[in-house]
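For the sequence shown, UniProt numbering gives the first residue as 1, with consecutive numbering after it.
By construction, the Cβ of each residue, glycine as well, lies at the ideal position given by its N, Cα and C atoms.
This report concerns only the one structure given below.
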Amino acid sequence: MIRLVTDIPATTGPSFGQEIVCYESPRPTMGIHRYVIVLFQQLGRQTVYAPTGSVWRQNFNTRNFAEIYNLGLPVAAVYFNCQRESGSGGRRFILC
Numbered sequence: 001m002i003r004l005v006t007d008i009p010a011t012t013g014p015s016f017g018q019e020i021v022c023y024e025s026p027r028p029t030m031g032i033h034r035y036v037i038v039l040f041q042q043l044g045r046q047t048v049y050a051p052t053g054s055v056w057r058q059n060f061n062t063r064n065f066a067e068i069y070n071l072g073l074p075v076a077a078v079y080f081n082c083q084r085e086s087g088s089g090g091r092r093f094i095l096c
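Shown next as structure tokens:
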């Protein structure tokens, strides 16, 4: 998981929502990794809790989260590929 924001008004952006989990940049160690950003429409405001545990970001399950909070199917999604550059320690983003 990169970030979790809820209660975003439809006519605004994520800066107007409730940030449950703060942004953390992708950190692939080796190889190409796909990151997916998913948007669900909430039926109304609800209390959402940040997942707990030491490795929850790596093991976050979007389907389970959507089921727990009765979100239904996503209304939008976008993905990007990310690969760590060898030697420099930098990151290369491949936008699709």
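Which residue marks the beginning of the beta strand (DSSP E) containing residue i, and which one marks its end?
i: I32; result: 32-39
i: V77; result: Before going on, a small fix: residue 77 reads as Ala here, not Val. Here the beta strand (DSSP E) through A77 covers 76-84.
i: residue 97; result: Nothing about residue 97 can be reported from this structure: the residues present for the chain run from 1 to 96 only.
Three-state secondary structure (DSSP) at residue i?
i: R63; result: helix
i: I2; result: coil
i: S15; result: helix
i: I68; result: helix
If residue i and residue j are in contact, beta carbons under 8 Å, what's the gap, nearest whole angstrom?
i: A39; j: I20; result: Note that residue 39 is Leu in the sequence shown here, rather than Ala. About 15 Å; that fails the 8 Å criterion.
i: residue 101; j: Y35; result: Residue coverage of the chain in this structure runs from 1 to 96, which leaves residue 101 outside it and unanswerable.
Problem set entry | At least three beta-carbon pairs within less than 8 Å, the stretch 74-83 to the stretch 45-52 | Touching, no.
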